[in-house]
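Shown next, in structure tokens, is the structure this report addresses.
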Amino acid sequence: MADIIKVLQQIAELDFWTRCPTRDAQGDDLAYPPFIFWRHKHPSPELAAFFRDAIQSFPGETRWELIISERNWVLLPARIKEHEQANQLLGGRHAAKELKQIDPEFGKLANAELSRLAEHIAKLAANPVAA
Amino acid sequence: MQLPPRIVIVGAGISGLAVAYRLQVRLPDATITILEQADRPGGTTWTLRDDGFQVETGPNGFLDTKPTTLTLCRDVGLGTQLVEASQAAGMNRYLFLGDRLKALPSGLGAFLGTDLLSWRGKLSLLWERFRKKKEGDADESIDAFARRRAGNEAADLFADALVTGIYAGDPKLLSLPACFPRIAELERVYGSVIKGFAAEAKKRRAEANAKGVAYEKPGKMWSLPSGLRGLIEAIVAKLKQPPIHGVHVRSILPSPRGRGAGGEGTNPPTWHIQADGRAAWEADAVVLTCPSYQQTAMLGEVDPTLAQEIGAIAYNRVVVAALGYRRADVPAALDGFGYIAPENTRRDLLGVQWCSSIYPGRAPAGCVLLRAMAGGWQRPEIVDWDDDRLLHSLRAELRLAMNITAEPIYHRIIRWSSAIPQYHVGHLQRVARIEDRLKAWPGLWLGGNAYRGVALNDCTEQGAIIAEQVAAYLQRRILETAKSANFAEALYQNEAIRNRIHSDVVDCSQLAYELQCANGHKGGQLNISPPEGRDSVTYIDNGELVLGRYHVVYTDGVFVYDPHWSDSPIPRERYEAEIRRLNGPTVEISFVKAPPPEES
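So the protein lines, in turn, are chains C and G. So the first sequence is numbered by our numbering: it starts at 1439 and just counts up by one. So the second sequence is numbered by our numbering: it starts at 4 and just counts up by one.
Right under this line is the structure:
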């Protein structure tokens, strides 16, 4: 199983990252949809375009969204943001929390697919033609 | 909810117990722990009871010139048991000069008639009221003061006797303003000590008249039927938590949970008290009332300069020998307090108190108890004499002074290798430097008899003052904590801040910096980094465990503001404890006052 943080790090050095659920900590709850947050040491438009393309080309059931700000980038299931907007919630964290409650299977699936997404990204990074 | 403050007092002598009792009254919820090296409380203040004799190992009583010890006795339920020293003890004191006892004059008539001074010496002393007062505030030895004010003859006799009786020190070394601040004050205010005493007595008489009460001259000495140990035991009985004995405190250090020298934005200071072995205590306030040489050892690591200043306070060595005789074997009338052999006479004895004449119940019926003091600053070697040599010498002295030839039927010898602190010239300046240095260490107090008076009254007075300061400090801290909580509530309601808190793309260090800016740049940030061998830390975000390369939060010093973790600020100690629980004790938590802009 590929670790998304390790994959991101291999593609371009990270200055900061967080991931939730932690997967390796006790009490981890995989019903909480994944929320990956990172910052590259040397971000670039090309790097952003690569990740966008990689995520869009992922064939899994979960649709993913990449939020790119000047400083930090966030990867999360697109449904989190949709749920946030539909319910006028304050940020993705609240939406993820609600989704965990109302649809725990969604979080479990998204977490399972995150590893496959990581593998997909890693493969593309190693061999761009594979896309 | 506030946790009850934790106070650790090191030393269960009268100073430490006075601090503890007063604090218990002021802060009933506080946890007060007293750590004592010895196997009993009281320090030098203790009473031995055996064979019907009751022997004070240290002070013999306390004066009513200051109210604090009398008040303390009354507050702990001993008001009805107070015993006043006998009238004779108050009136008759003697000097041992020229191989005989000579009465110290107790009034003008007796003074004019005494042969202790020549007429020239008497005139010189009486002329004191006309001498110019000292200009400037330079320190001055007791000897220099006495010569300047009263002439050489009076200085040789009375200054030495006074110093021997109280400090067992050298009047040429001891500082007058430090040892006898009231006398220095009388000269400063009235221009003359004699004029000052007269003016103050007149004032007290007028006050008594105005109140319609009989005028009572202050300066009576007091004790308890059970001796001063009765006071120690009564205080201990009133404490919720008795002293813990047999604890040798090794060091007092700021708690590893972090603080600098107490500057703004640092953690509210907590202290780690490490004893021998594994015993350790954490405290919000620490009061050291043990002897200053012990304080030096405890503080050497935290502040070597402070420790050095404290360590420069010298102590003398004193041996106390209690001797019980059959009354019939003592020819002297024993109609007084006892006698002093001025140190400049170089006798083996500093003086003898006639204990059974001062207070009742000090000796069995038909017996008397004498208490001889020896050693002091001038003859420290006497403390090392073995019992036989010491007793032999004492008996020779008593034969000479009081014509006692019989052997005592009872004796007890108590050696104090560090007995009375010596306030040498420059002492008050040293104390000022120590107090100045202490400002860098909020939550730490130094007490005991090494700083502002060696008498029991001074210890209880200082104990009450320190207790007030500690209580005020801890209450101020509680208020500051409450203010932090109010600030957080308002802050999290601010729309701009709220949007930043809930943004998906704002990271922890950005948020920490913005919260710090919103709080007027007060405080700083806690950087939480993985321990060695790991590449991430675990914390809580939105109720979920999060793994991150590091974590940064804002702290105002009292609370941690981590709005993704909790809607309300978290007491910093608790926050750090939780981080350690999640990551293990070796997780790195460091405080950064002002992060560089690129980090924010």
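Heads up, the beta-carbon is just placed ideally off N, CA and C, and yes, glycines get one too. Here the structure is a predicted model, which is why all the values come from computation and not from measurement.
inquiry  = Just to make sure I have the definition right: I need the residues of chain G whose C-beta is within less than 8 Å of the C-beta of N1510 (chain C). Which are they?
reply    = Against the first sequence, residue 1510 (chain C) aligns to sequence position 72. The answer, in chain order, is V508, V509 and D510.
message = Is there a Cβ of chain G sitting closer than 7 Å to that of L1504 (chain C), yes or no?
response = Walking along the first sequence from the start, residue 1504 (chain C) turns up at place 66. It does not: the Cβ of L1504 (chain C) has no partner Cβ on chain G nearer than 7 Å.
ask   = When the Cα atoms are used, what is the spatial distance from I437 (chain G) to I313 (chain G)?
value = Taking the second sequence and counting its residues from 1, the one referred to as residue 437 (chain G) is at position 434. Taking the second sequence and counting its residues from 1, the one referred to as residue 313 (chain G) is at position 310. Answer to the nearest angstrom: the Cα atoms are 7 Å apart.
message = So if I threshold CB-CB distances at 8 Å, which residues from the region 525-552 of chain G count as touching chain A?
response = The displayed structure is made up of protein chains C and G, and chain A is not among them.
DSSP three-state assignment for G560 (chain G), whether helix, strand or coil = Numbered from its first residue, the second sequence carries residue 560 (chain G) at position 557. Three-state result, G560 (chain G): coil.
key: Proximal residues to Y578 (chain G) (C-beta, below 6 Å), its chain only, five neighbours per side dropped   = Taking the first residue of the second sequence as position 1, residue 578 (chain G) is located at position 575. Excluding positions up to five away in sequence, the list reads V563.
message = Can you check whether the C-beta of G1498 (chain C) is within less than 7 Å of a C-beta belonging to chain G?
response = Here residue 1498 (chain C) corresponds to residue number 60 of the first sequence, with the count starting at 1. Judged by the 7 Å Cβ criterion, G1498 (chain C) is not in contact with chain G.
task = Return the Cβ separation of T1500 (chain C) and L1547 (chain C) in integer angstroms, given the expectation that the two are a contact with Cβ distance under 8 Å.
result = Translated into the one-based positions of the first sequence, residue 1500 (chain C) becomes position 62. Translated into the one-based positions of the first sequence, residue 1547 (chain C) becomes position 109. Right, the Cβ-Cβ distance comes to about 6 Å (below 8 Å), so this counts as a contact.
ask   = Of all the CB atoms in chain G, is at least one closer than 7 Å to the CB of S1495 (chain C)?
value = The sequence position of residue 1495 (chain C) within the first sequence is 57, counting from 1. Output row for S1495 (chain C): interface = no.
task = Give the secondary structure of D544 (chain G) by DSSP, where H, G and I count as helix, E and B as strand, and everything else as coil.
result = For the purposes of this step, residue 544 (chain G) is taken as the residue at position 541 of the second sequence. Reduced to three states, the DSSP call for D544 (chain G) is strand.
task = Enumerate, from N- to C-terminal direction, the unbroken alpha helix (DSSP H) stretches of 4 or more residues contained entirely within the region 119-151 of chain G.
result = 122-129
inquiry  = Once DSSP output is grouped into helix, strand and coil, what is the label at F490 (chain G)?
reply    = Along the second sequence, one-based indexing puts residue 490 (chain G) at 487. Correct three-state label for F490 (chain G): helix.
query = Along the chain, where does the beta strand (DSSP E) that runs through C293 (chain G) open and close?
reply = Translated into the one-based positions of the second sequence, residue 293 (chain G) becomes position 290. Per DSSP, C293 (chain G) belongs to no beta strand (DSSP E) and is neither H nor E.
task = Please report the Cβ distance between G233 (chain G) and L81 (chain G), rounded to the nearest whole angstrom; I am assuming they are in contact, meaning their Cβ atoms lie under 8 Å.
result = The residue given as residue 233 (chain G) occupies position 230 in the second sequence. The residue given as residue 81 (chain G) occupies position 78 in the second sequence. Contact flag correct, Cβ pair sits at about 7 Å.
task = Report buried or exposed for K125 (chain G), applying the criterion of at least 16 other Cβ atoms within 10 angstroms of its Cβ.
result = Within the second sequence, numbered from 1, the residue matching residue 125 (chain G) stands at position 122. Buried, by the Cβ-count rule.
request  = Measure from the C-beta of K1561 (chain C) to each C-beta in chain G and report whether the shortest distance is under 7 Å.
outcome  = Taking the first residue of the first sequence as position 1, residue 1561 (chain C) is located at position 123. Not closer than 7 Å to any Cβ of chain G, the Cβ of K1561 (chain C) fails to qualify, so no.
task = Within its chain, find whatever has a CB closer than 7 Å to the CB of L107 (chain G); leave out the 5 residues flanking it on each side and keep chain order.
result = Position 104 of the second sequence holds residue 107 (chain G). Contacts found: R96, Y97 and L98.
task = Could you tell me which chain G residues have their CB closer than 9 Å to the CB of D1467 (chain C), listed as they occur along the chain?
result = Your numbering for residue 1467 (chain C) matches position 29 in the first sequence. Near D1467 (chain C) (Cβ distances below 9 Å), the residues of chain G are E547 and L548.
message = Within 10 Å of its beta-carbon, does T558 (chain G) have 16 or more other beta-carbons around it, so buried, or fewer, so exposed?
response = The residue you call residue 558 (chain G) lines up with position 555 of the second sequence. So T558 (chain G) counts as buried.
inquiry  = Pairs of beta-carbons, one from the region 292-300 of chain G and one from the region 352-362 of chain G, closer than 8 Å: are there three or more?
reply    = no
message = If the criterion is Cβ atoms closer than 7 Å, does the pair G154 (chain G) and S127 (chain G) meet it?
response = Within the second sequence, numbered from 1, the residue matching residue 154 (chain G) stands at position 151. Within the second sequence, numbered from 1, the residue matching residue 127 (chain G) stands at position 124. Taking 7 Å as the Cβ cut-off, G154 (chain G) and S127 (chain G) qualify as a contacting pair.
key: Three CB pairs or more closer than 8 Å across the region 442-449 of chain G and the region 470-482 of chain G   = yes
query = Nearest CA to the CA of R1531 (chain C): which residue from C:I1442, C:F1473 and C:A1550?
reply = Here residue 1531 (chain C) corresponds to residue number 93 of the first sequence, with the count starting at 1. Closest option to R1531 (chain C), Cα to Cα, is C:F1473.
C-alpha gap between P228 (chain G) and P367 (chain G), whole angstroms = If you number the second sequence from 1, residue 228 (chain G) lands on position 225. If you number the second sequence from 1, residue 367 (chain G) lands on position 364. When rounded, the distance between both Cα atoms is 13 Å.
inquiry  = Check whether chain G comes within 7 Å of K1444 (chain C), counting only Cβ atoms and requiring the distance to be less than that.
reply    = Position 6 of the first sequence holds residue 1444 (chain C). Closer than 7 Å: no.
CB-CB length for V289 (chain G) against I469 (chain G), believed under 8 Å = Along the second sequence, read from residue 1 onward, the residue named residue 289 (chain G) stands at position 286. Along the second sequence, read from residue 1 onward, the residue named residue 469 (chain G) stands at position 466. Incorrect: roughly 11 Å between the Cβ atoms, too far for contact.
Secondary structure, beta strand (DSSP E): runs of 3+ residues fully inside the region 1501-1536 of chain C = 1502-1506 and 1511-1515
ask   = Are S532 (chain G) and E591 (chain G) close, meaning C-beta to C-beta below 7 Å?
value = On the second sequence, position 529 is the one that residue 532 (chain G) refers to. On the second sequence, position 588 is the one that residue 591 (chain G) refers to. Against a cut-off of 7 Å, the Cβ pair of E591 (chain G) and S532 (chain G) comes out as a contact.
inquiry  = I need the DSSP call for S258 (chain G), collapsed to helix, strand or coil.
reply    = As a working note, residue 258 (chain G) is residue 255 in the second sequence. S258 (chain G) falls in the coil class under three-state DSSP.
request  = Output the boundary residues of the beta strand (DSSP E) element that contains T50 (chain G).
outcome  = Position 47 of the second sequence, counting from 1, holds the residue named residue 50 (chain G). Run containing T50 (chain G): T50 to D53, per the beta strand (DSSP E) assignment.
inquiry  = Can you confirm whether H505 (chain G), when its beta carbon is compared against all beta carbons of chain C, has any partner nearer than 7 Å?
reply    = In the second sequence, the residue the question calls residue 505 (chain G) occupies position 502. H505 (chain G) counts as touching chain C.
inquiry  = Output needed in chain order: residues of the region 1471-1496 of chain C with a Cβ under 9 Å from some Cβ in chain G.
reply    = F1473, F1475, W1476 and R1477
key: Simplified DSSP assignment, three categories, for T36 (chain G)   = The residue given as residue 36 (chain G) occupies position 33 in the second sequence. Strand.
query = Using a Cβ-Cβ distance under 7 Å, would G1530 (chain C) count as near chain G?
reply = Reading the first sequence from its first residue, position 92 is the one you call residue 1530 (chain C). True, the Cβ-Cβ gap to chain G drops below 7 Å.
query = What residue ranges within the region 191-247 of chain G form continuous beta strand (DSSP E) runs of no fewer than 3 residues, ordered along the chain?
reply = 224-226
ask   = In terms of alpha-carbon separation, which member of G:N545, G:H427, G:A375 and G:I582 lies closest to L179 (chain G)?
value = Working through the second sequence from its first residue, we reach residue 179 (chain G) at position 176. The shortest C-alpha separation from L179 (chain G) is found at G:H427.
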